[in-house]
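Position 246 of the sequence shown, counting from 1, maps to 250 under my numbering, and the rest follow consecutively.
Here a beta-carbon is modelled for each residue, glycine too, at the ideal position from N, C-alpha and C.
For clarity, every value in this text was computed on a predicted model and none was experimentally measured.
What follows is a short report on a single structure.
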Amino acid sequence: MMKKRIIAAIIICALAIAGGVLLFTRNNAEYVEKPDETKVASAIALLTNALGEDAMYCDWIDGLGTDSSAHYGSGSVTASPDKIAAAAENVSDVPDGFVSIDYNESVTYRVNVSQAGLYSMKLMYVPTGSTMSDFAVSMSVNGEVPYHEMKIIALPQMWSDETKEYLTDSYGDQMAPKQVRNDDIRERYLYSSTYISDEPLMFMLNAGENEITFTNIAANGLGLGTLTALRPADEQIGYEAYIAGYAGKARPQELITVNAIDYTKKNSTQAIYMTEADPAALPYDVHYKKLNTVKFTEAGTELYYELDVKEEGLYALSFHYTNEKEEYDAFESIYIDGEIPFAELKSYAFAPTGTTWTNETLSDKDGNPYLIYLTAGKHELCLKEEQENVYRAWRYARLISGHVAQFSLEIGRIIGADKDKYRTWRMTKYIPEIPDYLDAYTTLIDYIRYLSQDNATYGINSALLSDMDKALIFIRQMRKYPDEIALYTEKLTGRDNSVLVAMSNFTSEILNCKFTLDMIYAGAENAELPKASAGFAAKLGTGIKKLLLSFTDNKYSTDVNDDEAVTIWVNRAVTHVDLLQKMIDTDFTENTGIKVKVSIMPDANKLTLSSAADETPDIALGLSSHMPFDLACRDALYDLTQFEDFWEVADRFVPGAFVPYVFNEGVYALPETLNFYALVYRTDIYKNLGLNPPDTWQEVVEQLPELQRYGMNFYHNISAGVGYKWFYQTVPLIYQNNGQLYTEDGLTTAIDKPEAVAGVQALGNLFLAYSLDKQVNSFFNSFRYSILPVGIIDSNEYILLKNGAPELEGQWALAAYPGTEQEDGSISRWYVANGTGGIIFKDTKHAEEAWEFLKWWTRTDTQINYTFTLRSTYGKEFFWLSSNVEALREAPIDQADKDVIMDSIAWLRDVPRSMGQYLVERSLSDIWNKMISEGTSAQVAIDEQTIPINREIKKKMQELGFMDEDGNLTKTYVIRDVDWIEEQIENARRQ
Numbered sequence: 005m006m007k008k009r010i011i012a013a014i015i016i017c018a019l020a021i022a023g024g025v026l027l028f029t030r031n032n033a034e035y036v037e038k039p040d041e042t043k044v045a046s047a048i049a050l051l052t053n054a055l056g057e058d059a060m061y062c063d064w065i066d067g068l069g070t071d072s073s074a075h076y077g078s079g080s081v082t083a084s085p086d087k088i089a090a091a092a093e094n095v096s097d098v099p100d101g102f103v104s105i106d107y108n109e110s111v112t113y114r115v116n117v118s119q120a121g122l123y124s125m126k127l128m129y130v131p132t133g134s135t136m137s138d139f140a141v142s143m144s145v146n147g148e149v150p151y152h153e154m155k156i157i158a159l160p161q162m163w164s165d166e167t168k169e170y171l172t173d174s175y176g177d178q179m180a181p182k183q184v185r186n187d188d189i190r191e192r193y194l195y196s197s198t199y200i201s202d203e204p205l206m207f208m209l210n211a212g213e214n215e216i217t218f219t220n221i222a223a224n225g226l227g228l229g230t231l232t233a234l235r236p237a238d239e240q241i242g243y244e245a246y247i248a249g250y251a252g253k254a255r256p257q258e259l260i261t262v263n264a265i266d267y268t269k270k271n272s273t274q275a276i277y278m279t280e281a282d283p284a285a286l287p288y289d290v291h292y293k294k295l296n297t298v299k300f301t302e303a304g305t306e307l308y309y310e311l312d313v314k315e316e317g318l319y320a321l322s323f324h325y326t327n328e329k330e331e332y333d334a335f336e337s338i339y340i341d342g343e344i345p346f347a348e349l350k351s352y353a354f355a356p357t358g359t360t361w362t363n364e365t366l367s368d369k370d371g372n373p374y375l376i377y378l379t380a381g382k383h384e385l386c387l388k389e390e391q392e393n394v395y396r397a398w399r400y401a402r403l404i405s406g407h408v409a410q411f412s413l414e415i416g417r418i419i420g421a422d423k424d425k426y427r428t429w430r431m432t433k434y435i436p437e438i439p440d441y442l443d444a445y446t447t448l449i450d451y452i453r454y455l456s457q458d459n460a461t462y463g464i465n466s467a468l469l470s471d472m473d474k475a476l477i478f479i480r481q482m483r484k485y486p487d488e489i490a491l492y493t494e495k496l497t498g499r500d501n502s503v504l505v506a507m508s509n510f511t512s513e514i515l516n517c518k519f520t521l522d523m524i525y526a527g528a529e530n531a532e533l534p535k536a537s538a539g540f541a542a543k544l545g546t547g548i549k550k551l552l553l554s555f556t557d558n559k560y561s562t563d564v565n566d567d568e569a570v571t572i573w574v575n576r577a578v579t580h581v582d583l584l585q586k587m588i589d590t591d592f593t594e595n596t597g598i599k600v601k602v603s604i605m606p607d608a609n610k611l612t613l614s615s616a617a618d619e620t621p622d623i624a625l626g627l628s629s630h631m632p633f634d635l636a637c638r639d640a641l642y643d644l645t646q647f648e649d650f651w652e653v654a655d656r657f658v659p660g661a662f663v664p665y666v667f668n669e670g671v672y673a674l675p676e677t678l679n680f681y682a683l684v685y686r687t688d689i690y691k692n693l694g695l696n697p698p699d700t701w702q703e704v705v706e707q708l709p710e711l712q713r714y715g716m717n718f719y720h721n722i723s724a725g726v727g728y729k730w731f732y733q734t735v736p737l738i739y740q741n742n743g744q745l746y747t748e749d750g751l752t753t754a755i756d757k758p759e760a761v762a763g764v765q766a767l768g769n770l771f772l773a774y775s776l777d778k779q780v781n782s783f784f785n786s787f788r789y790s791i792l793p794v795g796i797i798d799s800n801e802y803i804l805l806k807n808g809a810p811e812l813e814g815q816w817a818l819a820a821y822p823g824t825e826q827e828d829g830s831i832s833r834w835y836v837a838n839g840t841g842g843i844i845f846k847d848t849k850h851a852e853e854a855w856e857f858l859k860w861w862t863r864t865d866t867q868i869n870y871t872f873t874l875r876s877t878y879g880k881e882f883f884w885l886s887s888n889v890e891a892l893r894e895a896p897i898d899q900a901d902k903d904v905i906m907d908s909i910a911w912l913r914d915v916p917r918s919m920g921q922y923l924v925e926r927s928l929s930d931i932w933n934k935m936i937s938e939g940t941s942a943q944v945a946i947d948e949q950t951i952p953i954n955r956e957i958k959k960k961m962q963e964l965g966f967m968d969e970d971g972n973l974t975k976t977y978v979i980r981d982v983d984w985i986e987e988q989i990e991n992a993r994r995q
């Protein structure tokens with residue numbers, strides 16, 4: 005016993021010591037020396053040249069020498085647009101002197117400067133259409149694009165709140181006001197869309213005439229006015245020189261307080277209103293939600309505030325904020341009346357705080373406050389989110405990522421897809437640069453750590469830089485045995501733990517913006533500010549109150565009924581329910597007088613039981629596509645075709661979205677959202693391989709040998725998940741081969757017909773004959789890490805790529821869903837996708853009011869408003885893909901992607917629901933699994949399932965009273981598909 009106690013004590017001591025060492029190491033800052041500049045330049049040049057990619061802005065500037073100001077031009081010149089180059093010059097709402105250009109259209113300026121050199125540029129622009137998306141243009145100077153950032157120049161919209169009287173919903177919670185686009189003409193210096201510099205971009209112009217062309221790459225309706233080229237600003241004065249000019253100025257007695265939510269305008273809808281449930285953030289109420297903070301989520305975001313100064317004098321500026329970026333600073337430039345007063349306020353660093361609120365008075369490194377001279381009167385204060393200080397680190401990590409991916413392809417060309425660990429390699433014989441590449445990686449990683457350490461809490465020991473350490477370990481292992489690098493490819497580009505993964509993680513995290521602002525203070529440097537954080541007693545009291553309220557708060561509960569109101573259950577998160585109730589209160593109810601009570605649906609799968617118990621609402625929203633049919637065939641739903649204007653309303657939507665909602669020529673739901681499927685591919689890899697994105701499944705097959713030669717493959721979405729396969733995975737090739745799932749009378753399945761069999765066999769062949777991956781755990785990661793550089797994605801994966809893989813910006817694109825060529829040469833691209841729908845229950849007492857609501861809810865203007873309010877309230881991750889086609893055209897999606905999506909939805913076609921359809925879906929899943937696992941032909945596998953399917957259909961028809969025991973129909977039953985829906989909509993148009 006004593007011996008065991010001694011051993012236990014030793015173990016505890018050892019763990020304590022180890023923990024102490026870890027904690028000491030973790031919480032002690034460590035810094036590295038700056039790597040040799042010559043080695044860094046050589047490493048950059050080696051990898052950039054090997055990649056053959058565009059120069060980045062920082063590389064281009066570095067190429068001019070250590071003092072770029074020596075190349076500055078002289079004076080300023082203003083030029084008007086060349087109207088001949090613009091196709092949309094006659095748009096009626098374009099101001100004089102402006103030219104309106106739509107997506108992919110261009111306009112040219114001829115700028116004549118007296119001296120060759122570097123110039124900044126200011127461009128006047130104005131929105132001329134209805135788009136709510138930001139504008140962006142690509143740019144060339146004299147037909148050339150010297151650096152990559154010229155391909156995406158940001159021209160953001162300006163926004164203001166419709167009102168600053170924050171309205172409340174029917175529960176007393178404050179609502180974020182509607183964002184209103186500012187249509188005034190604005191003049192702006194040119195910045196890249198990634199805001200890689202806190203100074204405007206510079207451009208090299210020749211003496212004499214220069215031809216500068218802008219091409220609209222984002223959204224229709226961009227009006228362009230004059231372009232001014234001017235000498236870049238000289239280096240800004242520092243604080244000492246600035247304050248010396250105001251010696252003897254008085255210190256104010258007043259403390260000016262401005263709430264972050266009281267901005268006057270902003271240039272991004274991604275500056276988001278927040279409701280912080282923390283008494284330190286003001287205003288605060290334990291019961292009601294109060295808007296009290298603004299969160300910055302993107303670089304380049306600008307918020308403008310008005311300072312009403314009563315006393316002239318020298319003011320210190322303080323900010324009540326949080327920065328939740330782990331152990332790394334956030335950066336804000338501070339503008340007063342359109343100018344940064346002195347250099348220290350450019351990309352000012354705000355230390356990380358976690359979730360703890362902090363007061364930061366703008367100060368030097370010794371804590372001495374900066375003082376800013378303000379005259380009496382009104383002044384404009386602007387905060388701009390910057391990433392100048394992280395740009396180079398991000399750029400070099402991205403350079404390593406890009407090169408590692410290409411380097412892996414080079415290795416794959418030599419060793420093929422199969423890696424024999426027992427084979428002896430002399431890889432430097434084939435790729436002599438291997439040691440140089442690995443040395444370049446090491447040098448740049450050391451440089452990244454050096455560039456990042458000063459803004460990291462613990463220097464190179466900070467969490468954000470931990471990926472650099474992992475990458476260095478792998479690289480050093482490979483550097484010992486460069487000839488054997490073929491055996492280390494998993495450490496180079498493996499999907500779980502590799503150099504590529506480490507660099508990709510770093511590039512994602514370093515750009516994250518997590519700065520939240522509560523209050524702004526302007527006063528004397530020694531002014532007493534409100535407490536930054538609520539004390540323990542206040543937090544404890546608040547916590548107790550919240551706990552007690554949680555037992556009595558009935559917001560959005562289905563237990564609270566109002567017989568005079570239309571009741572709606574919503575199968576979505578509280579964020580959606582909250583916004584919907586607010587919009588109803590301020591728009592629908594305000595204009596129609598119809599009261600509406602919105603609740604969160606307790607369990608969508610129990611709606612059938614609720615219907616049987618007569619406990620249903622009037623309307624249910626957010627239902628999966630199978631649910632309306634399940635309820636309709638039990639006579640629980642209102643047939644929407646009974647409303648006189650139904651087919652006129654149906655014209656708002658994609659016809660294929662109605663297919664699952666049809667039962668016996670009745671339609672029992674309106675589509676709310678839709679999904680899409682498209683091809684996504686890595687443009688950088690396809691360029692290196694000399695391939696074009698495949699347009700048909702035959703072209704997919706033809707590309708596979710080239711992809712598989714390098715250890716890559718094509719991703720089919722049937723590979724996602726384990727076991728069960730859904731209709732959207734198994735049916736598209738059946739439709740593309742002109743097959744059907746049911747006979748028209750709905751009494752038997754049609755999957756055994758030749759066309760359907762051909763489609764199933766074509767799907768199986770992709771895996772049996774052409775070796776697609778049968779299971780993929782994460783296409784997102786496989787795509788990021790170049791393992792699966794092409795495949796099928798839906799809207800959810802699209803948003804994940806847009807928001808979750810910033811390191812791939814400009815390196816991927818969408819293309820049409822692969823199709824099957826028909827006998828007449830046309831291409832069939834049918835795919836199965838389903839969104840969500842809204843229904844009216846048959847026993848409602850408010851049928852007409854419910855229909856009025858559904859019409860309002862699916863209206864174009866309502867859906868546009870909901871889309872943008874959801875995004876501006878909760879962030880761009882909240883993506884609403886409206887089923888209303890016209891609203892979808894206005895969605896905040898890059899125009900190139902939107903064009904693909906709009907073309908693709910014409911081929912959207914859900915599966916008709918029928919009796920026993922669940923067994924059809926399961927049987928198709930079993931058929932595919934049997935083909936793949938046993939090599940069974942499609943015909944044999946289908947024949948085994950056809951009889952059980954038909955038996956189940958008959959059984960279900962009898963259960964629901966459509967067929968008697970002898971198999972005779974007792975009620976009319978017919979299945980309708982997309983062609984019938986298109987016919988009904990077309991008939992309504994003619995009337």
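Enumerate in chain order the residues of its own chain whose CB-to-CB distance from A233 is below 7 Å, with the five nearest sequence positions on each side excluded. Cβ neighbours of A233 beyond the five flanking positions: S80, V81, V115, V117, Y123, M125 and L209.
Three-way DSSP call (helix, strand, coil) for K126 in this model: In the structure shown, K126 adopts extended strand secondary structure according to DSSP, grouped into three states.
Output the residue ranges of the beta strand (DSSP E) runs that lie fully inside the stretch 352 to 419 and measure 3 residues or longer, sorted by chain position. If only uninterrupted beta strand (DSSP E) runs of at least 3 residues are considered, those enclosed by the stretch 352 to 419 are 352 to 354, 362 to 365, 376 to 378 and 381 to 389.
By DSSP, does I200 sit in helix, in strand, or in coil? Note: I200 maps to coil in three-state DSSP.
Which residues DSSP lists as bridging V904, in chain order: Note: V904 is not bridge-paired with any residue in the DSSP secondary-structure output.
Using the Cα positions of Q740 and W573, report the straight-line distance between them to the nearest angstrom. Distance between the alpha carbons of Q740 and W573: 37 Å.
Of the residues D289, A724 and E856, the one placed nearest N2, counting alpha carbons only: Coverage of the chain is limited to positions 5 through 995, which leaves residue 2 absent and any answer about it impossible.
If you drop the 5 nearest sequence neighbours on each side, which residues of the same chain put their C-beta closer than 6 Å to that of F510? Scanning its chain for C-beta atoms nearer than 6 Å, with the 5 sequence neighbours on each side dropped, one finds around F510 the residues A401 and D471, in chain order.
Rounded to whole angstroms, what is the Cα-Cα separation between I435 and G498? Counting only the Cα atoms, G498 lies some 20 Å from I435.
Please classify R875 as buried or exposed, where buried requires at least 16 other C-beta atoms within 10 Å of its C-beta. Buried, because 16 or more other Cβ atoms sit within 10 Å of the Cβ of R875.
Whole-angstrom Cβ separation of L613 and A624, contact assumed at under 8 Å? Contact doesn't hold; Cβ gap of about 13 Å is too wide.
May I ask which residues mark the beginning and end of the beta strand (DSSP E) holding L234? Going by DSSP, L234 is part of the beta strand (DSSP E) stretching over L226 to L234.
Going by alpha carbons, who is nearest to R185 out of I221, I524 and F139? Out of I221, I524 and F139, F139 has the C-alpha closest to the C-alpha of R185.
Starting from I247, trace the alpha helix (DSSP H) in both directions and tell me its first and last residue. Element bounds for I247: Y243 to A248.
Our contact map puts R197 next to L205 with C-beta atoms below 8 Å; I'd like the distance itself, whole angstroms only. Before going further, note that residue 197 is Ser rather than Arg in the sequence given. Between L205 and S197 the Cβ distance is about 11 Å, and since that is not below 8 Å, they are no contact.
Just grab the DSSP bridge partners of W163 for me. DSSP, once it has assigned bridges, lists R185 and K270 as partnering W163.
Rounding to the nearest angstrom, what Cα-Cα distance links K474 and M507 in this structure? Taking the straight line from one Cα to the other gives about 10 Å.
M961, DSSP secondary structure in three states: In the structure shown, M961 sits in a helix (DSSP, three-state: H, G or I).
Counting pairs of Cβ atoms below 8 Å between the stretch 700 to 717 and the stretch 883 to 896, do you hit three or more? Flag = no, the stretch 700 to 717 and the stretch 883 to 896 do not touch.
Enumerate, from N- to C-terminal direction, the unbroken alpha helix (DSSP H) stretches of 4 or more residues contained entirely within the stretch 796 to 838. Qualifying alpha helix (DSSP H) stretches, in chain order: 799 to 808.
By Cβ distance, which residues of its chain are closer than 6 Å to I905, with the 5 residues on each side in sequence left out? Answer for I905: F680, listed in chain order.
Hey, is the stretch 733 to 747 in contact with the stretch 762 to 776, meaning 3+ C-beta pairs nearer than 8 Å? The stretch 733 to 747, when compared against the stretch 762 to 776, does touch it at the 8 Å Cβ threshold.
In whole angstroms, give me the CA-to-CA distance for G829 and G823. One C-alpha to the other measures close to 12 Å.
Which one of E57, A910 and P181 has the shortest CA to CA distance from T590? Among E57, A910 and P181, the Cα nearest to that of T590 belongs to P181.
When DSSP labels each residue in this structure, what does Y485 get in the three-state scheme? Correct three-state label for Y485: coil.
Would you mind stating whether A59 and G67 have Cβ atoms separated by less than 9 Å? Using a Cβ distance threshold of 9 Å, A59 and G67 count as a contacting pair.
Hey, out of E813, Y789, A809 and L818, whose CA is closest to D798's CA? If we check each option's Cα against that of D798, L818 comes out closest.
Would you mind stating whether G416 and T493 have Cβ atoms separated by less than 9 Å? Yes, the Cβ-Cβ distance between G416 and T493 is below 9 Å.
Alpha carbon to alpha carbon, how far is S367 from E348? Give it in angstroms, no decimals. Taken atom to atom, the span from the alpha-carbon of E348 to that of S367 is near 9 Å.
How many angstroms separate the CA atom of I48 from the CA atom of A444? One C-alpha to the other measures close to 8 Å.
Start and end of the beta strand (DSSP E) containing G212? From DSSP, the beta strand (DSSP E) with G212 extends over G212 to N220.
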